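Those protein sequence lines, which keep their order, are chains A and B. Start counting the first sequence at 142; every next residue gets the next number (the working numbering). Start counting the second sequence at 430; every next residue gets the next number (the working numbering). All residues carry an ideal CB built from backbone N, CA and C; glycine is no exception. Since the structure is predicted, the reported quantities are computational estimates derived from the model, not experimental observations.
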Amino acid sequence: MSASRKQILVDPISKNNPVVVLMLGICSALAVTAQVKPALVMGISVTVVLAFSNVIISLLRNTIPNRIRIIVQLVVIAALVIIVEQILKAFAYDVWGQLSVFIGLIITNCILMGRLEAFALGNTPFDSFLDGIGNGLGYTAILLIVAIAREFLGSGSLMGYTVIPESFYEAGYMNNGLMILPPMALIVVGCIIWVHRSIDKDLQE
Amino acid sequence: METVNIFIRSIFVDNMVFAYFLGMCSYLAVSKTVKTSIGLGIAVTFVLVITLPINYLLDTYVLRPGALSWLSPELASMDLSFLSFILFIAIIASIVQIVEMVVEKFTPALYSQLGIFLPLIAVNCAILGGSLFMQQKSFDNIGQATTYGLGSGIGWLLAIVGIAAIREHMSYSKVPKPLRGLGITFIITGLMGIAFMGFMGIKF
Numbered sequence: 142m143s144a145s146r147k148q149i150l151v152d153p154i155s156k157n158n159p160v161v162v163l164m165l166g167i168c169s170a171l172a173v174t175a176q177v178k179p180a181l182v183m184g185i186s187v188t189v190v191l192a193f194s195n196v197i198i199s200l201l202r203n204t205i206p207n208r209i210r211i212i213v214q215l216v217v218i219a220a221l222v223i224i225v226e227q228i229l230k231a232f233a234y235d236v237w238g239q240l241s242v243f244i245g246l247i248i249t250n251c252i253l254m255g256r257l258e259a260f261a262l263g264n265t266p267f268d269s270f271l272d273g274i275g276n277g278l279g280y281t282a283i284l285l286i287v288a289i290a291r292e293f294l295g296s297g298s299l300m301g302y303t304v305i306p307e308s309f310y311e312a313g314y315m316n317n318g319l320m321i322l323p324p325m326a327l328i329v330v331g332c333i334i335w336v337h338r339s340i341d342k343d344l345q346e
Numbered sequence: 430m431e432t433v434n435i436f437i438r439s440i441f442v443d444n445m446v447f448a449y450f451l452g453m454c455s456y457l458a459v460s461k462t463v464k465t466s467i468g469l470g471i472a473v474t475f476v477l478v479i480t481l482p483i484n485y486l487l488d489t490y491v492l493r494p495g496a497l498s499w500l501s502p503e504l505a506s507m508d509l510s511f512l513s514f515i516l517f518i519a520i521i522a523s524i525v526q527i528v529e530m531v532v533e534k535f536t537p538a539l540y541s542q543l544g545i546f547l548p549l550i551a552v553n554c555a556i557l558g559g560s561l562f563m564q565q566k567s568f569d570n571i572g573q574a575t576t577y578g579l580g581s582g583i584g585w586l587l588a589i590v591g592i593a594a595i596r597e598h599m600s601y602s603k604v605p606k607p608l609r610g611l612g613i614t615f616i617i618t619g620l621m622g623i624a625f626m627g628f629m630g631i632k633f
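Okay, here's the thing in structure tokens:
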């Protein structure tokens, strides 16, 4: 793989992370981060939809009339999301129930529109595929960090398995119920941004 | 009474921004000044109030399992609900387009204020989220669905105007460098969300 292709794949994971740097795709993401499992499924779903919609739009990029491109993009994304939703409903019914409307909201996830507009419309299908995978991984990484922090501190477990030993609870340790509540997801993301920008000083405003 | 409850709940308890994080992208990007955020908030409310009743009718008479039985009894076993994403987003995109043209034609003053925000709204998660939650909550009649749209829109307006006001004032405060801009906005939104949780259980 050439250096430029590697950069397309790796850049969005930290330096150009879609969530904490470009401010895209926060909408449907945070509500699913109270536990690790739904967050992981959501991350994989978004990565799949993003990679394939990038490829499809990149293949069609010379035939789509400029004026109606938003509608075409929405139709492509919506069709892919329906496929992902039906697959989840068939093979992972309990996670499908937990994610509920947030699967549908992948359609309006700004990462998808953002990458289609900014990348897939001007690059070859293979590059677009790599870009989709890279951005999806960047998104999944943030989701997982938030979910791990919230599930560990809020319920004392990871992926549903209790990790904090019983003796801690006997010694008076309590789960922080606040971490389960929706607003804490925002505060955790705020802290991730804080750490990320302290390390990478170029990103500071 | 039920309708009043839906209205109050959708503004304060099930607030689009604080409870479900919907419409966060435009919420973060457009909340730098109060004036523009009021414009966007009104536009979102407007589109929600129009699209929710239409999507409600679509859901009740076309998409739900058995919804097509009004056409002929043979169709009673049809379940088209897997089509709801694509139909809802199509309705929303076309309504936004129509609203944009109507507003431009009849109220140019409003258009010049809302103009730039209207196309953005088609991909605002709060709008599609409103329709999907409406489908999940299965309201009794179209009035409740419209009320839910109005309440959610007002809740979103309240949130974006609140954060814009705070951000305007924050330009005078000394925020640590790495937190400036995006970071502090997230943390403040989280704190506002915790404050809004005080409304939980509110009922008439």
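What residues from chain B crowd round residue i, counting only those whose CB sits closer than 9 Å?
i	result
residue 322 of chain A	622, 623 and 626
residue 289 of chain A	Neighbours of residue 289 of chain A on chain B: none; closest Cβ ~18 Å, over 9 Å.
Could you work out which residue in the options is closest to residue i when comparing CA atoms only?
i	options	result
residue 266 of chain A	A:165, A:337, A:146 and A:196	A:196
residue 485 of chain B	B:510, B:589 and B:505	B:510
residue 530 of chain B	B:580, B:462, B:547 and B:514	B:547
residue 587 of chain B	B:468, B:454, B:523 and B:430	B:468
residue 190 of chain A	A:282, A:303, A:239 and A:276	A:276
residue 145 of chain A	A:268, A:253 and A:216	A:268
residue 242 of chain A	B:500, B:499, B:502 and B:556	B:556
residue 623 of chain B	B:499, B:435 and B:449	B:449
residue 319 of chain A	B:537, B:585 and B:626	B:626
residue 221 of chain A	A:205, A:271, A:248 and A:200	A:248
residue 207 of chain A	A:262, A:178, A:180 and A:278	A:262
residue 183 of chain A	A:205, A:233, A:153 and A:199	A:233
residue 90 of chain A	A:143, A:154 and A:175	The requested residue 90 of chain A does not occur in the structure, where chain A is confined to residues 142 to 346.
residue 258 of chain A	A:198, A:171 and A:178	A:198
residue 151 of chain A	A:219, A:331 and A:271	A:271
residue 228 of chain A	A:308, A:179 and A:186	A:186
residue 461 of chain B	B:601, B:594, B:604 and B:603	B:594
residue 341 of chain A	B:619, B:631 and B:608	B:608
residue 435 of chain B	B:554, B:572 and B:516	B:572
residue 332 of chain A	B:537, B:628, B:605 and B:630	B:605
residue 610 of chain B	A:149, A:162 and A:273	A:162
residue 621 of chain B	B:532, B:553 and B:585	B:585
residue 560 of chain B	B:430, B:541 and B:581	B:581
residue 382 of chain B	B:496, B:578, B:537 and B:601	For chain B, the structure presents residues 430 to 633; residue 382 of chain B sits outside this window and is missing.
residue 149 of chain A	A:178, A:192 and A:180	A:192
So which residues of chain A does residue i contact, with C-beta pairs closer than 7 Å?
i	result
residue 611 of chain B	164 and 334
residue 448 of chain B	323
residue 607 of chain B	335, 338, 339 and 345
residue 518 of chain B	215, 219 and 248
residue 630 of chain B	The contacting residues do not exist; residue 630 of chain B stays about 14 Å from chain A at best.
residue 441 of chain B	Those within 7 Å of residue 441 of chain B in chain A number zero; the least Cβ separation is about 14 Å.
Can you give the beta carbon distance from residue i to residue j, rounded, assuming they're within the 8 Å contact cut?
i	j	result
residue 558 of chain B	residue 445 of chain B	7 Å
residue 167 of chain A	residue 453 of chain B	4 Å
residue 296 of chain A	residue 321 of chain A	7 Å
residue 383 of chain A	residue 188 of chain A	Any question about residue 383 of chain A goes unanswered here, given that chain A covers just 142 to 346.
residue 456 of chain B	residue 589 of chain B	5 Å
residue 520 of chain B	residue 480 of chain B	6 Å
residue 597 of chain B	residue 463 of chain B	6 Å
residue 513 of chain B	residue 505 of chain B	Rounded, the Cβ-Cβ distance is 19 Å, inconsistent with contact.
residue 429 of chain A	residue 225 of chain A	Residue 429 of chain A is absent from the structure shown; chain A starts at 142 and stops at 346.
Name the chain B residues whose beta carbon is nearer than 8 Å to that of residue i?
i	result
residue 205 of chain A	Within chain B, no residue comes near residue 205 of chain A; the closest Cβ sits about 15 Å away, beyond 8 Å.
residue 229 of chain A	Under the 8 Å cutoff, chain B gives no residues; its nearest Cβ is about 12 Å from residue 229 of chain A.
residue 297 of chain A	Correct list: empty, because the minimum Cβ distance to chain B is about 21 Å.
residue 171 of chain A	450 and 453
residue 167 of chain A	450, 453, 454 and 457
residue 197 of chain A	Those within 8 Å of residue 197 of chain A in chain B number zero; the least Cβ separation is about 15 Å.
Give the residues of chain A in contact with residue i, contact being defined as C-beta atoms less than 8 Å apart.
i	result
residue 553 of chain B	249
residue 615 of chain B	327, 328, 330, 331 and 334
residue 573 of chain B	Under the 8 Å cutoff, chain A gives no residues; its nearest Cβ is about 18 Å from residue 573 of chain B.
residue 514 of chain B	219, 222, 223, 226, 245 and 248
residue 587 of chain B	Within chain A, no residue comes near residue 587 of chain B; the closest Cβ sits about 15 Å away, beyond 8 Å.
residue 557 of chain B	245, 246, 248 and 249
Using a C-beta to C-beta distance shorter than 9 Å, which residues of chain C count as neighbours of residue i?
i	result
residue 618 of chain B	Among the protein chains of the structure shown, namely A and B, there is no chain C.
Given that residue i touches chain B, what residues does it touch there, using C-beta distances under 7 Å?
i	result
residue 241 of chain A	565
residue 254 of chain A	552
residue 212 of chain A	522
Residues of chain A with CB closer than 9 Å to the CB of residue i, please, in chain order.
i	result
residue 430 of chain B	Going along chain A, no residue has its Cβ under 9 Å from residue 430 of chain B, so there is no contact; the nearest lies around 26 Å.
residue 496 of chain B	The contacting residues do not exist; residue 496 of chain B stays about 18 Å from chain A at best.
key: the segment 310 to 318 of chain A touching the segment 143 to 162 of chain A, judged by at least three CB pairs closer than 8 Å   = Here the segment 310 to 318 of chain A does not lie against the segment 143 to 162 of chain A, with fewer than 3 beta-carbon pairs under 8 Å apart.
message = Report the start-end ranges of each beta strand (DSSP E) in the segment 176 to 245 of chain A that is 3 residues or longer and not cut off at the edges.
response = none
message = Three Cβ pairs or more, each shorter than 8 Å: is that satisfied between the segment 609 to 618 of chain B and the segment 476 to 496 of chain B?
response = no
Meets three-Cβ-pair contact criterion under 8 Å: the segment 288 to 296 of chain A and the segment 321 to 341 of chain A = yes
message = Assess contact between the segment 198 to 217 of chain A and the segment 332 to 346 of chain A, defined as three or more Cβ pairs (one per stretch) separated by less than 8 Å. Is contact present?
response = Cβ pair count under 8 Å is below three, so no.
query = Whole alpha helix (DSSP H) runs in the segment 551 to 601 of chain B with 4 or more residues, listed along the chain?
reply = 554 to 566 and 571 to 599
ask   = Considering only residues of the segment 268 to 335 of chain A, which uninterrupted alpha helix (DSSP H) runs meet the minimum length of 4 residues and lie entirely inside it, listed in chain order?
value = Listed in chain order, the complete alpha helix (DSSP H) runs (minimum 4 residues) inside the segment 268 to 335 of chain A are 307 to 311.
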